[in-house]
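Let me begin by presenting the structure, written as structure tokens, before commenting on it.
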Amino acid sequence: MAKYIVKRVILAIITMFLICFITFFAMNAIPGGPFNGEKAKSAAVMKVLNERYGLDKPVGVQFVNYMKNIMHGDFGVSLKTGRDIATTIRTRFAVSAKLGLMAILVALILGVVLGCVAALNRNKWQDHVIIFFVTLFTAMPSFVMASFLLLIFCIQLKIIPVWSTANPNYVLPVIALSLSPMANITRLTKTSMLDALGQDYVRTAKAKGVSPIKVIFVHTLRNALIPVITYVGPLTAAILTGSLVVENIFTIGGLGSAFVDSITNRDYTMIMGVTIFLAMIMVVMNLICDLVYKVVDPRIKFD
Amino acid sequence: MTENYDIPTPKKRLLSLQIDPKKFEKATDEEKKQQDVMAESTTFFKDGMRRLMKNPLAVISMIILVLVIVVMIFAPAVVPYGYEEIITVEGVRDKQAANMKPFEFSPKEQAYMEKYNVRIFPHIMGTDELCRDYFIRVVYGTRVSFFVGIFASFMVLIIGTIYGAISGYAGGRTDLIMMRIVDIIYSLPDILIIILLSVVLRETLDLSHVPLLGKLGSNMVSMFIVFGLLYWVGMARLVRGQILTVKENEYVLAAKSMGASSGRIIRKHILPNCLSVIIITTAQEIPSAIFTESYLSFIGLGVALPMPSLGSLANAARSGMQSYPWKLVFPAVAIILIVLAFNLIGDAMRDAFDPKLKQ
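Chains as they are written, first to last, in this note's numbering: chain A, 1 to 303; chain B, 1001 to 1359.
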């Protein structure tokens, strides 16, 4: 067990380092320094600026310095606004995290419930209806979903007001973000639930006369939910990447829209910072899920 | 067979399992007939296809896909507009032809039709804000999305299969190292890497003189690169796993013990068993590539202008969503239809070709 944890943590650290490495050198491959702006600067000014930000040093040294700064939570300053990137990430991520957590909860709860309903009513109308919508939602990109929701509920029917910072309405963004991961969770829960229902211990429990509700909750669901844990990692990634477009469509000032803005504005230090930050979250979530999965499921061997 | 009742029987030894032919009687013709094979002999592929064709959803999806492909190929030959062509009437640019509804004609076009008593080819999906025929743009967008999806999944197919096969066959330390590399690549956040690479290549790569890729732009190149670098790992894992399990099966051992060559084992046992996994994963990779392309187009890292893609069309339609909702609906529905069809076919193929799910 301890060996597995160590192995998994080392893998995560290698991944994080690789991400930082790729990000840093990718951004450095772009021609022109950060100060080659529209206004021409004299060579002396350039030299001072480069020295001040350590840009006169070799790329390797710059990378080491950048990594050191990241360890201390310092992502440098934005090229366009000059603001501290770490502060921007912190304030913007507060909004995104709230939205993302709600979406994760909605996706998990609805997905598990629908998956159970579909599995327990296999081949009945409930199953068919659920699977129909699940199939439809998996074929719908999050931006199509978000645009349609905005078009129908905000513009045509005017039931839900358009997002504003003073009056944030999380309903539509959360739906747009959570529907397609929810569809995946429903599928996953249904298959693992069907699998669990076919196990010998469930038949034994039924034969012993355990009440059907107890069979579902105590014997079946507990085991059926284990595979769902592994999906929480990809779920986080899906919601984080989905938030890039959904925040843009609903004009929510979260980290996602800040990231897309920085892409359009060619704000390279910002792109670098946010990429590393988002990647870290995904890697850490994957790590946690894998570890929890191994702890929860005693059948898995630690090789 | 000749009648031969007096087969010389060797003397039976005590406790020997030797069969005494005298205890058996000859089979009658009727009994022999029962042994005849009634059904036509079938191959793995035929069997799978037969089951696939029995699935109504798969058949409908295939019909839809065939229709989409036919429209995609022949529409540019039929429709007299180009995807970047601004509508002109009698050689003069028609400035009133912007943002028209489906099947609507601009005043100039109507006047032209009355004057010469001819019919202009209708704008099936209306026009966009730059007075271009929207239908042909959606058709070209579909072409781009299809091309991207098929090219990307083809790359995944080649790289993933070869890598997985080598890893699975070699086994031992080679396999261990190759799979550690896969583990690391697997944990990289793909979308972020695509975005990063797109941003870099946008600045560094000049493709204007490369024939096909030049029109698609550097963002698509970076998407292909990332698909080639990252997305094959899923395929490689599946192929390797499949080869490992097939290798251990009794029938492979049986074939080996009967003296089958390794070529025959690969052809008759390993390949057919891996083929289903490979086909299904490829079919599922196409919608995922189409998804990624439309996602990138949507955040402004998609195909180069003026080439349309379904994602960039949907993105462009967002600004005028209030007044011209159909401009969002057409490309969005096209994406959903294509992805849905591919998904359903992929699922049906998995059910039809996976021998373990037979019954």
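Glycine included, each C-beta is placed from N, C-alpha and C at the ideal position.
Check the Cα spacing between residue 174 of chain A and each of A:88, A:135, A:201, A:95: the tightest is with A:95.
Any Cβ of chain A closer than 8 Å to the Cβ of residue 1197 of chain B would place that residue at the interface, and such an atom is present. The residue from B:1280, B:1262, B:1298 with its alpha-carbon nearest to that of residue 260 of chain A is B:1298.
Going by DSSP, residue 92 of chain A is part of the alpha helix (DSSP H) stretching over 85-120.
Contact between residue 1068 of chain B and residue 1338 of chain B holds, since their C-beta atoms are separated by about 6 Å, short of 8 Å. Annotation: residue 1105 of chain B to residue 1123 of chain B spans about 8 Å, alpha carbon to alpha carbon.
For the pair residue 97 of chain A and residue 1043 of chain B, the Cα-to-Cα distance works out to about 54 Å. Between residue 1319 of chain B and residue 159 of chain A, the alpha-carbon positions lie close to 21 Å from each other.
Pairing residue 1087 of chain B with residue 1128 of chain B gives a Cβ-Cβ distance that is not under 8 Å. Judged by DSSP in its simplified three-state form, residue 1133 of chain B adopts strand. From the beta-carbon of residue 26 of chain A, the residues of chain B found nearer than 7 Å are 1196, 1197, 1200. In the three-state scheme derived from DSSP, where H, G and I count as helix and E and B as strand, residue 1066 of chain B is classed as helix.
Classified as buried, residue 1231 of chain B has 16 or more neighbouring CB atoms from the shown chains inside 10 Å of its CB. Taking every protein chain shown into account, the CB of residue 1 of chain A has fewer than 16 other CB atoms within 10 angstroms, so this residue is exposed. The beta-carbon separation of residue 263 of chain A and residue 1225 of chain B, rounded to 18 Å, does not stay under the 8 Å limit for a contact.
In the structure shown, residue 202 of chain A falls within a helical segment according to DSSP collapsed to helix, strand and coil. Among the residues facing chain B, residue 31 of chain A is included, as its CB has a counterpart in that chain under 8 Å away. Each of A:22, A:73, A:44 was checked against the Cα of residue 60 of chain A, and the nearest Cα belongs to A:22. With a cutoff of 8 Å on beta-carbon distance, residue 89 of chain A and residue 277 of chain A are scored as near each other. Take the alpha-carbon of residue 1028 of chain B and the one of residue 1021 of chain B: they are about 16 Å apart. For residue 1183 of chain B, the chain A residues whose Cβ falls inside 7 Å of its Cβ are 11, in order along the chain. Nearest to residue 104 of chain A by alpha-carbon distance, out of A:56, A:296, A:238, is A:238.
Interface residue (Cβ-Cβ distance to chain A less than 8 Å): residue 1271 of chain B is not classified as such.
Distances from the alpha-carbon of residue 129 of chain A to those of A:155, A:67, A:183 put A:183 closest. Counting only residues of its own chain and dropping the five nearest sequence neighbours on each side, residue 1352 of chain B has a CB closer than 6 Å to the CB of 1048, 1051, 1052.
Neighbours of residue 141 of chain A across chain B, judged by C-beta separation under 7 Å: 1291, 1294, 1295, 1335. The alpha-carbon of residue 1040 of chain B is positioned some 50 Å away from that of residue 211 of chain A.
By the neighbour-count criterion, in which 16 or more other beta carbons inside 10 Å mark a residue as buried, residue 180 of chain A falls on the buried side.
Taken residue by residue, none of the segment 58-72 of chain A has a beta-carbon sitting less than 7 Å from a beta-carbon on chain B. If you draw a 10 Å sphere on the C-beta of residue 200 of chain A, you find fewer than 16 other C-beta atoms in it, and that means exposed. Excluding residues up to 5 positions away in sequence, 118, 121 lie with their Cβ nearer than 6 Å to the Cβ of residue 127 of chain A in the same chain. For residue 62 of chain A, the uninterrupted alpha helix (DSSP H) run begins and ends at 59-71, by DSSP. Residue pairing by DSSP puts residue 77 of chain A in a beta bridge opposite A:84.
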